[in-house]
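Written below as structure tokens is the structure these notes are about.
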Amino acid sequence: QKEVEQNSGPLSVPEGAIASLNCTYSDRGSQSFFWYRQYSGKSPELIMFIYSNGDKEDGRFTAQLNKASQYVSLLIRDSQPSDSATYLCAVNMGAGKSTFGDGTTLTVKP
Amino acid sequence: GAGVSQSPRYKVAKRGQDVALRCDPISGHVSLFWYQQALGQGPEFLTYFQNEAQLDKSGLPSDRFFAERPEGSVSTLKIQRTQQEDSAVYLCASSPGPGPSIGYTFGSGTRLTVV
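Chains A and B, in that order, are what the protein sequence lines are. The first sequence begins at 2 in my numbering and counts up by one. The second sequence begins at 106 in my numbering and counts up by one.
See the structure below:
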């Protein structure tokens, strides 16, 4: 079992819909959680980070964290074709390395 | 610099050849990370520097892999006697404080192909 699990997808949503991306992690000591977006052939870019249980909103993006369930999610509202990419979840113990999932591929259809 | 710069962008190496990959992080960033990404997978951790100190090298797959950051800025990842399984994208990332704190800024990566 990988330390960080994501549904590989592909996840397909129509333009304007809400896309929901999910991630579970195995280490209860994990302290910080990150979502990165990676376009095909490009390097990952940070979208959001979250440390505390609950929701964190930034524009069309909302990260949700539930440490008791070891679950973190990313919601994308009003999805646009330009949101089509692979979304990587990353988890960190506090210092040092982050551990990444294999990503969920999202396709937003016009 | 304004971003994380990696060179070369692409590298083709014959099996058994040594290669050196360079990373120039964002100026002032304390932490520097190297990751390896195979096609269709997430980045896999290789090694981590805080300034010039290599604090974690647990992800280096073999003793053929070596990384350094002698002056706490530019870093080099060296792979000796390359093998086909070393073919991947090598990503460098930096962050302003210890660890990933507010997340990484990644470079564009070096795509290594071993033939």
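Ideal placement from N, C-alpha and C gives every residue a C-beta, glycine not left out.
For residue 110 of chain B, same chain residues with a beta-carbon under 7 Å away, outside a window of 5 residues either side, are 129 and 212 in chain order.
Ranking A:44, A:4 and A:18 by CA distance to the CA of residue 216 of chain B puts A:44 first. Around the beta carbon of residue 208 of chain B, 16 or more other beta carbons lie within 10 angstroms, which makes this residue buried.
For the C-beta of residue 213 of chain B, the chain A residues within less than 8 Å are, from N- to C-terminus, 43 and 44. In the structure shown, residue 74 of chain A adopts extended strand secondary structure according to DSSP, grouped into three states. Just so you know, the alpha carbons of residue 71 of chain A and residue 206 of chain B end up roughly 19 Å apart. In the three-state DSSP reduction, residue 15 of chain A falls in the strand class (E or B). Closest option to residue 134 of chain B, judged by alpha-carbon separation, among B:199, B:157, B:121 and B:220: B:199.
When Cβ-Cβ separations below 8 Å define contact, residue 59 of chain A makes no contact with chain B. Taking the Cβ atoms as the reference, residue 210 of chain B lies roughly 7 Å from residue 108 of chain B, within the contact range of under 8 Å. Between residue 107 of chain A and residue 22 of chain A, the gap from beta carbon to beta carbon is short of 8 Å. If you look at residue 105 of chain A, you'll find it in the beta strand (DSSP E) that goes 105-110. Residue 93 of chain A is bridged by DSSP to A:33 and A:99.
At least one CB of chain A lies nearer than 8 Å to the CB of residue 148 of chain B.
For residue 115 of chain B, the beta-bridge partners assigned by DSSP are B:216.
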